[in-house]
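Position in the sequence shown (from 1) plus 640 gives the number in our numbering. Note that the Cβ used here is the ideal one computed from N, Cα and C, for glycine as well. Beneath this line is the structure, given in structure tokens, with notes to follow.
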Amino acid sequence: MSLEVLAVDDSRTMRDMLRLTLNDAGFTSHLAEDGQHGLEVLAEIAPDVIITDINMPRLDGFGFIDAVRAQDSYRTLPILVLTTESSAELKARARDAGATGWIVKPFDPEKLVRALQIVAG
Numbered sequence: 641m642s643l644e645v646l647a648v649d650d651s652r653t654m655r656d657m658l659r660l661t662l663n664d665a666g667f668t669s670h671l672a673e674d675g676q677h678g679l680e681v682l683a684e685i686a687p688d689v690i691i692t693d694i695n696m697p698r699l700d701g702f703g704f705i706d707a708v709r710a711q712d713s714y715r716t717l718p719i720l721v722l723t724t725e726s727s728a729e730l731k732a733r734a735r736d737a738g739a740t741g742w743i744v745k746p747f748d749p750e751k752l753v754r755a756l757q758i759v760a761g
């Protein structure tokens, strides 16, 4: 299964780790450094799934998810949150915003790939 994945994270190290994991799995990775940049990249591509951090400058993960879900063509696009946060309150807020799933950093590459394959169906 070859997937196009948009990964949004303000950490260069995390973006590098995601690119390596995605490319090793045979996926095409598109990277953005915050939610605002993520929306700009999203306008240029048609991803199968999105991975987003929560705590980012300019536009955080919640705002990014809201903006993606506001676009008709992306109402059902799977969005996985990848963050250091693990509180039930934030998970509920992300789910309410339209997130499909939640993965806590640091991530296990095999589990991330499996999660992407499952949500992208």
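Identify, in the order they occur along the chain, each residue of the same chain with its Cβ nearer than 6 Å to the Cβ of Leu658, setting aside the five sequence neighbours on each side. Ala647
Within the region 647–672, note down every full alpha helix (DSSP H) run reaching 4 residues or more, in order along the chain. 652–664
Going by CA-CA distance only, name the one from Gln711, Arg709, Lys745 that's closest to Thr653. Lys745
Can you tell me whether Ile758 is helix, strand or coil according to DSSP? helix
Assuming Gly741 is part of the beta strand (DSSP E), what are its boundary residues? 741–744
Output needed for Lys731: all residues of its chain with C-beta closer than 7 Å, excluding positions within five of it in sequence on either side, in chain order. Trp742
Contacting residues, own chain, Cβ-Cβ under 8 Å from Ala734 (five flanking each side not counted): Ile694, Gly701, Phe702, Ile705, Val721, Trp742
Figure out for me which residue from Ala683, Phe747, Gln757 has the closest Cα to the Cα of Ser726. Phe747
What residue range does the beta strand (DSSP E) around Leu722 cover? 719–723
Leaving out the 5 sequence neighbours to the left and right, which residues in its chain are closer than 6 Å to Asp688 when beta-carbon positions are compared? Leu643, Glu644, Ala760
Under the three-state reduction of DSSP, which class applies to Ile694: helix, strand or coil? coil
Identify the continuous alpha helix (DSSP H) that holds Leu730 and give its terminal residues. 728–737
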